[in-house]
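Engineer: First the structure, which I've put down as structure tokens, then a few questions once you've had a look.
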Amino acid sequence: MQNKIITTLFSFLLSVGTGFCADSAGSNHISVFEKYVSKAVTTDETARCLNCHASRQIKLIESWEKTKHAANQVGCFECHAAEPNDPAAVPGHFGFCVKLPVTPKTCGSCHTEQYASFASSSHALAFDRIKNNPIRQASPIVFETTCASCHGNETTLKRGKAVDESWPNHGIGRINTDGSRGNCAACHGFHEDSLERVRSSDTCVACHSNSFSPAVQAWKNSKHGASWQAYAKSADMNVKGFVSLNEPVMRPDCFVCHFAAAKEGHKSTHNPSERLSWELAALKATHTDNWGDKRLMMQETCRNCHASTQTEQFYRRLDALVVETNKIVEKLADNSNENAYKNNKIKSLAIKSRVGAAMMSPAHRVEAIEELLEQK
């Protein structure tokens, strides 16, 4: 039932002493409450949440009330309601059972297709890549503030309270207490639903900008990056069902190449590795599972702007560089524990070289190969 009598309800609850939070500012609380909720369509449960939180987390509510969620009765309670047996749950919170982390399982109750696509993605499995990192055992707090800030952590809570350094965590591969993997908010934000934000390379740069994941810098140094800087602002990135082929300009960036539909009938995805035929972020690169099919999907994207001959020649050169880089790495790498630091250096240079080739950044691939050849 839509809440249309919020102020009356709020006054009634205060008068009967239900135990809900009351702001010492009194009338100011009501004006703030009316200001934000009047723009949203809420359920009675969410309206009760807002009785307290509208004046306490003003910017949070301001962000939410502008969204499609707010206009369609998706608010505090609908996203933060919890099962009583969930370790993240806080039972008896003014009559509700709620939790702070909103997980893909919650989002997937409405966004079923997107959830299924994400659940099998490299993002959802990001924690698995680092769970055995020595830093995790040596210093959980260092692990949480470095690797886990992007890859995610295996969160441990009890009655909604953190019991170790694994929470709070907002990494994209977070292991949640409800059994789901991932964190939609890592890309989409916590309370907003701007498509332009999630489709922006500025969102990707937060994690894909270090020596083991230099994709964004390599892209910015490429002709694709230069084209994007010149023309991207002409594209409407908030349009529903974005198809790059329908846009008046070329906009080759993270979203267009890895997520967007290549043409009508070629679906968008929530799995950024769905079109990747190489696993480049390793000491030695290997082909991904079903790499042939994945390459065909990426080539379909490339052909939005490029001829088939260009696309095929690009992949021949990429394959050759990856194979040659693997040969160099095999000669240099030492699998003994005493040389772990050396291997990490070699690994980061190998990744820089391969990603530079994949993203068409001459600076990255040349610098990396030169440094690799200098290693002893």
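The number in our numbering is simply the position in the sequence shown, starting from 1, with 136 added. Don't be surprised by glycine CBs; every beta carbon is placed ideally from N, CA and C. Treat the numbers as computed from the prediction; the structure is a model and nothing was measured.
DSSP state of ILE271, grouped into three classes?
Structural biologist: Counting from one through the sequence shown, the residue named residue 271 turns up at place 135. Residue state, collapsed to three classes: helix.
Engineer: Please classify GLU214 as buried or exposed, where buried requires at least 16 neighbouring CB atoms within 10 angstroms.
Structural biologist: Here residue 214 corresponds to residue number 78 of the sequence shown, with the count starting at 1. Buried, by the Cβ-count rule.
Engineer: Measure the alpha-carbon distance for HIS406 versus SER253 and round it to whole angstroms.
Structural biologist: The count along the sequence shown starts at 1 and reaches residue 406 at position 270. The count along the sequence shown starts at 1 and reaches residue 253 at position 117. Answer to the nearest angstrom: the Cα atoms are 5 Å apart.
Engineer: Roughly how many angstroms separate the alpha carbons of GLU181 and GLU198, rounded to a whole number?
Structural biologist: The residue given as residue 181 occupies position 45 in the sequence shown. The residue given as residue 198 occupies position 62 in the sequence shown. Cα-Cα distance, rounded: 18 Å.
Engineer: How big is the Cα-Cα spacing for GLY315 and ARG387?
Structural biologist: Residue mapping note: residue 315 aligns to position 179 of the sequence shown, counting from 1. Residue mapping note: residue 387 aligns to position 251 of the sequence shown, counting from 1. Their Cα atoms are separated by approximately 37 Å.
Engineer: Can the beta-carbon of HIS344 be found less than 9 Å from the beta-carbon of ALA322?
Structural biologist: Within the sequence shown, residue 344 is the residue found at index 208, counting from 1. Within the sequence shown, residue 322 is the residue found at index 186, counting from 1. Result no, Cβ atoms of HIS344 and ALA322 do not sit closer than 9 Å.
Engineer: Looking at the C-beta of CYS286, does it have a partner C-beta in chain B at a distance below 9 Å?
Structural biologist: Chain labels in this structure do not include chain B; a single protein chain is all it has.
Engineer: Thinking C-alpha only, which one of VAL502, TRP200, ASP470 and TRP427 is nearest SER330?
Structural biologist: In the sequence shown, counting from the first residue as 1, residue 330 sits at position 194. Ranking VAL502, TRP200, ASP470 and TRP427 by Cα distance to SER330 puts TRP200 first.
Engineer: Just list the residues that DSSP pairs GLU290 with in beta bridges.
Structural biologist: For the purposes of this step, residue 290 is taken as the residue at position 154 of the sequence shown. Per DSSP, ILE311.
Engineer: Under a Cβ-count criterion, where at least 16 other Cβ atoms within 10 Å of its own Cβ denotes burial, should GLY162 be classed as buried or exposed?
Structural biologist: The sequence position of residue 162 within the sequence shown is 26, counting from 1. Residue confidence is low: GLY162 scores 39 on pLDDT, short of 50, so the model does not pin down where it sits. No coordinate-derived value is stated.
Engineer: Beta-carbon within less than 7 Å of THR437's beta-carbon, same chain only, minus the 5 sequence neighbours each way: which residues are those?
Structural biologist: Residue numbering aside, residue 437 sits at position 301 when the sequence shown is read from its first letter. Hits under 7 Å: CYS393, ALA398 and ARG411.
Engineer: Between which two residues does the alpha helix (DSSP H) holding HIS205 run?
Structural biologist: Taking the sequence shown and counting its residues from 1, one reaches residue 205 at position 69. Here the alpha helix (DSSP H) through HIS205 covers 204 to 207.
Engineer: By the three-class DSSP mapping on this structure, what secondary structure does GLU214 have?
Structural biologist: As a first step, residue 214 is located in the sequence shown; it is residue number 78 there, counting from the start. If DSSP states are grouped into helix, strand and coil, GLU214 belongs with the helices.
Engineer: Can you find the residues in the same chain that come closer than 8 Å, C-beta to C-beta, to VAL341, ignoring five residues on each side of it along the sequence?
Structural biologist: As a working note, residue 341 is residue 205 in the sequence shown. Cβ within range, chain order: VAL352.
Engineer: With DSSP as the reference, identify every bridge partner of ASN346, one or two as the case may be.
Structural biologist: For the purposes of this step, residue 346 is taken as residue 210 along the sequence shown, with counting starting at 1. According to DSSP, ASN346 bridges with SER349.
Engineer: Just confirm the distance between the C-beta atoms of LEU416 and VAL334, as a whole number of angstroms; I'd bet it's less than 8 Å.
Structural biologist: Translated into positions along the sequence shown, residue 416 becomes position 280. Translated into positions along the sequence shown, residue 334 becomes position 198. At roughly 24 Å, the Cβ-Cβ gap does not stay under 8 Å, so LEU416 and VAL334 are not in contact.
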